[in-house]
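Take a look at the structure below.
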Amino acid sequence: MFTLRSNVETSAFSRALIRGSTRSYHHCHSGADQRQRLTAIWAPTGGRTVGEAERAHDKLIRAGLLRQSHSGIFHLLPMGYRIQSKLESLIDKHMQSLGASRVALSSITSKKLWQQSGRYEKLGSELFNFQDRRGADYMLAPTHEEEVTSLVAQSVKSYKELPLRLYQMTRKYRDELRPRHGLLRTREFTMKDLYTFDVDTAAAMQTYEQVQDAYASFFDSLGLPVVKARAGSGDMGGDLSHEYHFTSPIGEDLIMKCNNCEFAVNSDIAEQPANDSATDPQHHCPKCEAGTLEAKEALEVGHTFHLGTRYSEPLGARIALPTTSQGESQSADTSAARATTHIQMGCHGIGVSRLIGAVAEHFADPVGLQWPRAISPYEVEIVFADGLEAQAVQIYDDVVHGLSHTTDVLLDDRSVSLPWKLKDADLAGYPIVVVLGQVWKKTGNIELQCRRLGIKESVQPSDILQRISELLRQL
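Residue numbers (the numbering used here): 5 to 479.
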């Protein structure tokens, strides 16, 4: 039962509002109040004129989630970093389900290693190169296949130490010729990379399937309509890869997707080009044969590669094999006995910062951003009109303590009007907004808003916890 308390702790925050194109809210609180208050978070909103064709990236800036530092380089602000942290925690969960261990590889890599693998000549123009004071050549790492292979080659010597699965989430660097679309094509970006090491091809294929299952579960947990498409391996190498896409009008990839089954393929490796209708004007699906392939622009947010020995061979990552009763070594890949074999590798990436931009692009509407519950900076925001802070604080406490599965609640205690708070709440994209305004003053009821589900309703205080819980389960 919801009951008003007689002595409710009132806000001890000092509030500052800088009016103009940019509004900034600073934390001036003594620290005694442990509630999550918007005045305690630096969230500089505004700073950009709203246009009719405003893209999601512009909303990310207006909502105070990020700011551009230089061309293709961005600063994540507190709310944006909170989203990324939640995304990384979710990725951690799914990587650990694979038995993977998290590492943090250096952002500086050796030019010599890249020359040894044969990739430096192919990607040299996209690399940030530099020399130390002794003239040694280094690079800011755009990816870590060479480094992790060298690391494992030095440490792993026997088949008994496999399978091995290592992953990291770190910043990477690529000298993009033309950065564009905000977080979607940048020069500095955050990625998750999972590197897998197996004794033979059969084991590597089992790992590959397990990673695909983990990826499907990860994207499902975000409620994202991701399309898995067969793709080429490009400069990464290997002979098997799949891409994970959002369909989007600003996508830079073109995929061919069946309208009847889950089959999809990148147009670069499609057996029949998307614009070739001479032999098959209907573009029949090669898998189900009942559907037709449709060309769709798409944004890539993940990729899985079976690398085989593409890196383990040039970088010398070998393991000792078990022996038979006759003392001969065995390999599942060859009938010829040998003492050692090159490790079978896989590389599986998710663009963390790119995914933030892609999710914003996919779910945003003209009003503002809309975050999936799992990565929203806060699941519930409470806003209130002047004179209702004590009641709002009580509701905050009841929601936090009453819903044990979510304490992710934010109290907007700024000294601005209620309409201003509501517009900012829509812009920021919180899944559920609890409003104490005219409805409360007239009827004693609480207004509950969930833009994602198209809900705006009046709820009795005694029912508020149950109703919030119901809505959260639907998100």
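Idealized CB from N, CA, C, for every residue including glycine.
Residue K164 holds the alpha-carbon nearest to the alpha-carbon of A324 among P82, L70, K164, H98. Contact annotation: the segment 422 to 439 touches the segment 383 to 394, with at least three C-beta pairs closer than 8 Å. For E92 and R169, the gap between their C-alpha atoms comes out near 17 Å. The beta carbon of A145 lies closer than 8 Å to those of L109, S110, S111, I112, T113, E151, K176, Y177 in the same chain, with the five residues before and after it left out. Under DSSP, A302 takes part in a beta bridge, and its partners are T251, D257. DSSP lists no bridge partner for Y434. As computed with DSSP, F309 is found in a beta bridge with S245, C351. The beta-carbon separation of L80 and G68, rounded to 11 Å, does not stay under the 8 Å limit for a contact. In the three-state scheme derived from DSSP, where H, G and I count as helix and E and B as strand, G50 is classed as strand. In the three-state scheme derived from DSSP, where H, G and I count as helix and E and B as strand, L166 is classed as coil. Rounded to the nearest whole angstrom, the CA to CA distance from L426 to G458 is 15 Å. DSSP places S73 in no alpha helix (DSSP H) but in the uninterrupted beta strand (DSSP E) bounded by 70 to 74. For V371, there is no enclosing alpha helix (DSSP H), as DSSP marks it with neither H nor E. Looking from the CA of Q100, the closest CA among Y219, H366, G406 belongs to Y219. Remark: three or more beta-carbon pairs, one from each stretch, lie closer than 8 Å, so the segment 345 to 353 and the segment 308 to 318 are flagged as touching.
Under the DSSP assignment, Q478 falls in the alpha helix (DSSP H) whose first and last residues are 468 to 478. A contact between stretches requires three or more CB pairs, one per stretch, nearer than 8 Å, and the segment 359 to 374 fails this requirement with the segment 407 to 423. Counting along the chain, I77 sits inside the beta strand (DSSP E) bounded by residues 77 to 80. By the CB criterion at 7 Å, K300 and I259 fall inside the cutoff.
In the DSSP assignment, M209 falls within the alpha helix (DSSP H) that extends over 205 to 225. With fewer than 16 other beta carbons inside 10 angstroms of its own, N133 counts as exposed. In the DSSP assignment, I450 forms a beta bridge with V463. For A233, the uninterrupted beta strand (DSSP E) segment begins and ends at 231 to 234.
Note: C289 is not bridge-paired with any residue in the DSSP secondary-structure output. Inclusion of C262 and L297 in the CB contact set at 7 Å is warranted, their separation being smaller than that value. The beta carbons of K90 and I379 sit closer together than 7 Å.
Under the criterion of beta carbons closer than 8 Å, N270 and G236 qualify as touching, at roughly 7 Å.
Put simply, the backbone Cα of E293 is about 13 Å away from that of A268. Where E385 is concerned, the enclosing beta strand (DSSP E) starts and stops at 384 to 388. Around the beta carbon of G103, a 10 Å sphere encloses fewer than 16 other beta carbons of the protein chains shown; the residue is thus reported as exposed. Looking at the DSSP output, I87 bridges to nothing. Nearest in C-alpha terms to M349, of all of Q72, S316, D179, is S316. Taking a contact as a CB-CB distance under 8 Å, the pair D430 and T49 does not count as one, their CB atoms being some 12 Å apart. Each residue's CA atom was taken as its position, placing V107 and D467 some 46 Å apart.
A straight line joining the alpha-carbon of L452 with that of V443 spans about 10 Å. Distances from the alpha-carbon of S162 to those of L244, P326, Y85, Q120 put P326 closest.
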